[in-house]
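To keep things clear, I will list the structure first and then write my remarks on it.
Residue numbers (our numbering): 6 to 219.
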């Protein structure tokens, strides 16, 4: 092999090496997940039917302002994942979902005496349209709850219910986003005007959908 050819091959090799190394280093870098920006968007102004929600942890992506505005107070929260056993899991059972609960900072997330809270959760297993219909029917039959047929969509299909119990009122939105069943709720004192409760719950739920689809 001539000296000229060897020189050309060596030059080409030295050119390729940094490019290859750069690609390897780039592939090993995982972008840090950042909380989504809080927009305060009303549910009626947000198209949830085109949102692609992931069946994964999302609570760390919720902006702090979302819970603070929903509760009208500084908030503190606790999260749980699929397979976790926690007192904040609805029913105190082992979770088959990813979710979180926020309460006023003068309460504690594990001992919320006031009952004021903002919740969000997404099922870990995929949900079919038929299963979603069953979940909607179950929500509609919950004692102490009424369905809001005029509520904006929260996925497709979806349901909005308002429930009253033990001095508090809860507004909740639940729906199917692809194969992900996403739910959110806001509980405030029953002296809170229903329109205010529903509006604040809707804005909270938009923030939840944005975080769960990030």
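Note that the Cβ used here is the ideal one computed from N, Cα and C, for glycine as well.
Practice item. Mark residue 55 as exposed unless 16 or more other C-beta atoms lie within 10 angstroms of its C-beta, in which case mark it buried. Key: The residue is exposed, with fewer than 16 neighbouring Cβ atoms inside 10 Å.
Check your understanding: Going along the chain, which residues of its own chain have a beta-carbon closer than 6 Å to the beta-carbon of residue 186, five neighbours each way excluded?
Key -> The answer, listed in chain order, is 128 and 132.
Practice item. Report yes or no: do the region 177–191 and the region 201–215 share at least 3 C-beta pairs separated by less than 8 Å? Key: In short, these stretches touch, since the Cβ pair count reaches three.
Exercise for review: Classify residue 170 as buried or exposed, calling it buried when 16 or more other Cβ atoms lie within 10 Å of its own Cβ.
Suggested key: Residue 170 comes out exposed.
Practice item. Answer yes or no: do residue 141 and residue 176 have a C-beta to C-beta separation smaller than 9 Å? Key: Contact: no.
**Study point:** Reduced DSSP category for residue 76 - H, G, I as helix; E, B as strand; rest coil
**Key:** In the three-state reduction of the DSSP assignment, residue 76 falls in the helix class.
Exercise for review: May I ask you to verify whether the region 76–91 touches the region 144–157, counting CB pairs closer than 8 Å and requiring at least 3?
Suggested key: Flag = no, the region 76–91 and the region 144–157 do not touch.
Point to revise | Distance, residue 106 Cα to residue 78 Cα | key: If you take the alpha carbons of residue 78 and residue 106, they lie about 14 Å apart.
Check your understanding: Which value, in whole angstroms, describes the spacing of the CA atoms of residue 61 and residue 103?
Key -> Each residue's alpha carbon lies about 6 Å from the other.
**Study point:** First through last residue of the alpha helix (DSSP H) which encompasses residue 108
**Key:** According to the DSSP assignment, residue 108 belongs to no alpha helix (DSSP H) but to the beta strand (DSSP E) extending over 102–109.
Exercise for review: Provide the residue(s) that pair with residue 211 in DSSP beta bridges, ordered along the chain.
Suggested key: Bridge partners of residue 211: none, in fact.
Point to revise | Whether residue 203 touches residue 153 by CB criterion (9 Å) | key: Yes, the pair counts as a contact, with Cβ atoms nearer than the cut-off.
Practice item. Using three-state DSSP, classify residue 122 as helix, strand or coil. Key: Of the three classes helix, strand and coil, the one that applies to residue 122 here is strand, per DSSP.
**Study point:** Alpha-carbon to alpha-carbon, residue 73 and residue 135
**Key:** Going by the C-alpha atoms only, they are around 35 Å apart.
Check your understanding: Under three-state DSSP, which class holds residue 12?
Key -> In this prediction, residue 12 scores a pLDDT of 45, lower than 50, which makes its location untrustworthy; the coordinate-derived value is nonetheless stated afterwards. Helix, per DSSP.
Review point. What number of angstroms, rounded off, separates the C-alpha of residue 51 from the C-alpha of residue 172?
Key: Separation of residue 51 and residue 172 (C-alpha to C-alpha, rounded to the nearest whole angstrom) is 31 Å.
Review point. Whose C-beta lies closer than 7 Å to the C-beta of residue 66 among residues of the same chain, with five residues either side of it excluded?
Key: Taken in chain order, the residues that qualify are 38, 40, 41, 216 and 219.
Review point. Do residue 120 and residue 196 have their CB atoms nearer than 9 Å?
Key: Not closer than 9 Å, so no.
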